[in-house]
Structure formats: structure tokens, C-alpha cells
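Chemist: In the numbering used here, the protein residues as written are 85 to 439.
We put the CB at the ideal spot given by N, CA and C, even for glycine.
Take this structure, written in C-alpha cells, and hold onto it; I'll ask about it next.
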Ligand SMILES: Cc1cc2nc3c(=O)[nH]c(=O)nc-3n(C[C@H](O)[C@H](O)[C@H](O)COP(=O)(O)OP(=O)(O)OC[C@H]3O[C@@H](n4cnc5c(N)ncnc54)[C@H](O)[C@@H]3O)c2cc1C
């Protein structure tokens with residue numbers, strides 16, 4: 085019997101599978117990579133909030149767990165997936181410069197925000213009011229990491245199909261899916277959770293993000309630029325540029341307004357020529373209270389969920405996977421902020437008005 089069936093293989097499914105692999109526990113990953121947020125994300129790993137100059141919720145704690153985790157993956161798989169790069173936060177007023185200097189001296193933020201700001205900009209970047217540099221951050225090449233992991237699995241460990249909820253037989257001590265027996269199922273479906281008959285009571289709101297891939301040979305690949313949008317280098321003169329944030333639209337479709345908005349933000353930052361290579365859209369798995377969703381189904385003790393990574397999956401997923409692992413295997417309590425039992429009332433009295 086397998087230990088777990090993992091449904092969905094984005095950052096959540098990947099990190100949970102890594103936890104099981106560490107324990108030599110057998111698993112089967114079932115994934116249909118259709119609308120994967122992980123495969124569309126910029127992959128930026130940043131524990132700060134650059135709009136308000138604050139630390140993200142538990143930003144340092146998540147980062148301290150995540151970085152050694154990605155380094156271990158790189159040495160085990162003999163590959164490079166994490167690219168350390170500074171983020172240059174561009175300013176549009178003298179007020180923003182002042183706020184930066186004040187924030188850079190605060191405890192918690194000072195390991196990340198350089199205390200001085202720069203007024204010279206590199207080729208192709210508009211000068212505006214200069215920029216501050218965020219250190220100890222970077223970009224994860226998520227798709228390469230997922231692919232590297234998948235190629236090491238044999239046919240008993242992965243299945244590329246849409247999970248058929250009606251085919252799951254649930255017993256007290258086990259589950260059976262199309263003849264495969266396992267102790268439990270861990271659903272890591274991102275926004276696909278909306279179709280899950282056991283967990284769709286959870287207030288996963290979802291926020292659509294549209295982004296561009298551009299070619300801009302004059303821009304440097306040595307930093308991520310932030311100012312309205314992120315411009316993140318991905319090699320070969322290419323850049324990921326985005327993203328829009330729309331919690332009211334849940335359709336994976338690009339729009340003319342999205343394109344116009346991204347281009348206008350991009351052009352306030354750069355004056356270098358660029359070519360749009362593609363324009364895409366995907367839904368982030370965001371939650372009404374902006375905290376992740378981890379835990380066990382209120383009625384079926386062998387069904388679990390790992391979701392709600394929101395806008396910071398790269399940063400949070402490693403430590404969250406550890407919390408979920410310890411909850412399932414060591415019966416350790418989950419931190420209340422992420423435990424789905426905070427939404428027990430939604431299960432008892434389903435209310436769809438939050439989506
Ligand atoms: C435009 C955009 C930019 C972003 N940029 C960043 C960033 O820079 N940094 C950052 O940290 N985060 C970023 N994010 C957020 C990040 O992508 C998410 O937090 C994270 O990837 C979510 O991972 P997940 O595994 O929960 O979901 P997903 O990555 O969506 O994975 C779920 C997987 O499950 C599959 N699936 C779902 N239902 C089923 C089913 N029934 N059967 C089989 N398979 C199923 C899906 O097809 C998918 O492959 C961004 C998101 C978007 C949309």
C-alpha cells in the first residue's frame with residue numbers, strides 16, 4: 085500500500101512529495117498540468133512587501149526554511165534552480181525614497197533592504213527617483229525544478245490525468261483509487277480545488293494574474309526590477325513581466341485591458357525596445373483571510389488539503405509542507421493561522437457568497 089496519493093503537482097504537491105521522499109514513504113502523484121500557477125509564476129522568492137515596506141507574514145521564518153531546502157534539491161539533483169538576484173525597487177517620488185531609508189533601518193527588514201538608495205540606473209531603465217536594492221532574494225525556476233523531480237519517478241509514482249473524484253473509494257483505514265491503495269490522499273490542486281467535492285467549502289477566492297514574456301536585448305539580466313510590475317530576467321534576453329491582480333475574474337483568459345495595463349507599467353520603468361513573445365493568464369490560489377489552507381477533512385480522516393499558497397508559494401511551500409507532514413505523521417498540531425478548522429463553520433453551513 086502507498087502512503088499517499090498526491091493530487092496536483094505544483095509547488096504544494098512537489099514539496100509534500102519531497103517530505104515523503106525524505107522518509108522513504110511511497111507515493112503516487114496524479115496531475116494534469118493544465119492551469120498550473122506554479123508553471124506560470126515568476127518564481128520570485130521575497131520575504132518583504134515592497135508596496136508598504138514591511139515583512140511578509142512570517143517572512144524570515146519561511147525564508148530560513150526555504151533556502152536550504154532549494155539548495156539541498158540543487159545538490160541532490162546536480163542542477164541549478166535558484167538564481168540569487170537583487171530586486172531593484174524603483175521609486176516614483178521623493179516620499180518613496182524617504183520611506184525606504186526609514187524602513188531599511190527597521191529590525192527584521194534590515195537584512196533585506198540596503199540602507200542607501202541609488203540614483204543611477206542601468207541601460208534601458210528610466211531614472212525616475214532612483215531605486216533601493218533588496219538583497220538575499222532571488223528567482224526560482226519552478227518549471228525546471230518540477231521537471232527534474234518528475235523525471236526521476238517511475239510509472240508507479242506518477243500518473244498524468246485529471247483526478248476522477250467519483251473513482252475514489254474511501255474506507256476507514258485506507259483509500260483506493262482505480263486499484264491503487266493508499267493510506268491517504270493529499271489534495272494539492274491550487275485553484276482546481278474549486279472542483280473538489282470534499283474541500284470546495286473552503287473560501288479559496290483566487291486572483292487572476294496576467295503576465296508577458298518579452299525579449300529586450302538591451303536590458304541587464306543581473307537584477308529583478310520592481311515598480312508597478314516585476315521585470316524578472318529568465319535568460320537569453322528574455323524577461324517575465326507582470327502581473328495583474330484581479331480577484332473578481334476567475335477565467336484563465338488573457339485580456340486587452342491586461343495587456344494595456346502591463347505595457348503601461350513596463351514603459352514607466354524602461355525606455356529600451358522590447359518585443360512581446362507571449363501573454364498568459366493564470367489564477368493564484370488566494371484565500372479570503374490571505375493565509376494558507378492545511379489540514380484534514382472534518383469527516384474523512386484520510387483526506388487532507390495543502391492549498392492557499394496565494395502570491396508567495398516559493399517562499400512558503402517548503403515550511404508549510406513540513407508542518408503538514410508533522411501534522412499527518414507525528415500528530416503535531418498545525419499553527420492555527422493555517423489550519424482549515426478555522427473554517428469549520430463554512431463546512432457546517434456552506435455559504436458560497438465568498439467566491
Ligand atoms: C501570474 C502569477 C505570478 C506569480 N508569481 C509568483 C512569484 O513570483 N513568486 C511566488 O512565490 N508565487 C508566485 N505566484 C503564486 C504561485 O504561483 C502559487 O502560490 C503557487 O504556485 C501555487 O502552487 P499550488 O501547487 O498550490 O498550485 P498549482 O501550481 O496551480 O498546482 C496545482 C496543480 O494541480 C493540478 N490539478 C488541479 N486539479 C486537479 C485534478 N482534479 N486532477 C489532476 N490535477 C489537478 C493543476 O493542473 C496543477 O498542475 C504567481 C502566480 C501567478 C498566477
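With DSSP as the reference, please indicate the residues paired to residue 368 in a beta bridge.
Modeler: Locating residue 368 in the chain shown gives position 284, where the first residue counts as 1. 291, per the DSSP bridge assignment.
Chemist: Determine the contact status of residue 277 and residue 286, defining contact as a CB-CB distance below 8 Å.
Modeler: Position 193 of the chain shown, counting from 1, holds the residue named residue 277. Position 202 of the chain shown, counting from 1, holds the residue named residue 286. Yes. Within cutoff.
Chemist: If contact is defined by three or more beta carbon pairs under 8 Å, each pair taking one atom from either stretch, is the stretch 403-412 in contact with the stretch 307-318?
Modeler: Cβ pair count under 8 Å is below three, so no.
Chemist: Going by alpha carbons, who is nearest to residue 332 out of 301, 369, 343?
Modeler: Looking up residue 332 in the chain shown gives position 248. Comparing Cα positions, the closest option is 369.
Chemist: Threshold first: 3 residues or longer. Then list the beta strand (DSSP E) segments lying entirely within the stretch 308-350, N to C.
Modeler: Taking only runs of at least 3 residues, the beta strand (DSSP E) segments lying wholly in the stretch 308-350 are 308-311, 313-319, 322-326.
Chemist: Under 7 Å from any heavy atom of ligand 1, does the C-beta of residue 235 make it?
Modeler: Taking the first residue of the chain shown as 1, we reach residue 235 at position 151. Not under cutoff, so the answer is no.
Chemist: For residue 87, which residues from the same chain have a beta carbon less than 7 Å from its beta carbon, with the 5 sequence-adjacent residues on both sides left out?
Modeler: As a first step, residue 87 is located in the chain shown; it is residue number 3 there, counting from the start. Within the same chain, residue 87 has close Cβ partners 104, 109, 110, 111, 266, 267.
Chemist: How is the alpha helix (DSSP H) around residue 393 delimited, first residue to last?
Modeler: Within the chain shown, the letter at position 309 stands for residue 393. Counting along the chain, residue 393 falls outside any alpha helix (DSSP H), and DSSP gives it neither H nor E.
Chemist: What do you reckon, is the C-beta of residue 118 under 7 Å from a heavy atom of ligand 1?
Modeler: Position 34 of the chain shown, counted from the first residue, corresponds to residue 118. Yes, the beta carbon of residue 118 sits closer than 7 Å to at least one heavy atom of ligand 1.
Chemist: Would you kindly report the start and end of the unbroken alpha helix (DSSP H) that includes residue 152?
Modeler: Mapped onto the chain shown, residue 152 falls at position 68. Run containing residue 152: 143-161, per the alpha helix (DSSP H) assignment.
Chemist: Using the Cα positions of residue 242 and residue 113, report the straight-line distance between them to the nearest angstrom.
Modeler: Within the chain shown, the letter at position 158 stands for residue 242. Within the chain shown, the letter at position 29 stands for residue 113. Going by the C-alpha atoms only, they are around 5 Å apart.
Chemist: So, with DSSP's three-state summary, where would you put residue 272?
Modeler: Locating residue 272 in the chain shown gives position 188, counting from the first residue. It is coil, neither helix nor strand.
Chemist: Residue 179: which of 135, 360, 231, 304 sits nearest, CA to CA?
Modeler: Working through the chain shown from its first residue, we reach residue 179 at position 95. The residue with the shortest Cα to Cα distance from residue 179 is 135.
Chemist: Quick check: residue 94 and residue 274, are their CB atoms within less than 8 Å of each other?
Modeler: On the chain shown, position 10 is the one that residue 94 refers to. On the chain shown, position 190 is the one that residue 274 refers to. Yes.
Chemist: Could you tell me the alpha carbon to alpha carbon distance between residue 139 and residue 279, rounded to whole angstroms?
Modeler: Your numbering for residue 139 matches position 55 in the chain shown. Your numbering for residue 279 matches position 195 in the chain shown. Each residue's alpha carbon lies about 33 Å from the other.
Chemist: On a CA-only basis, which of 228, 302, 321 is nearest residue 52? Give me that one, please.
Modeler: Within the shown structure, residues of the chain are numbered from 85 to 439, placing residue 52 beyond reach of any answer.
Chemist: Go through its chain and collect everything with a Cβ distance to residue 425's Cβ below 7 Å, but skip five positions before and after it.
Modeler: Indexing the chain shown from 1 puts residue 425 at position 341. Only 379 meet the Cβ criterion.
Chemist: Among the candidates 341, 321, 367, whose CA atom is the shortest distance from the CA of residue 359?
Modeler: As a position in the chain shown, residue 359 is number 275, starting the count at 1. Measuring from the Cα of residue 359, the nearest candidate turns out to be 321.
Chemist: Label residue 130 either buried or exposed according to how many other C-beta atoms from any shown protein chain fall within 10 Å of its C-beta, with 16 as the threshold for buried.
Modeler: Taking the first residue of the chain shown as position 1, residue 130 is located at position 46. When all chains shown are included, residue 130 counts as buried.
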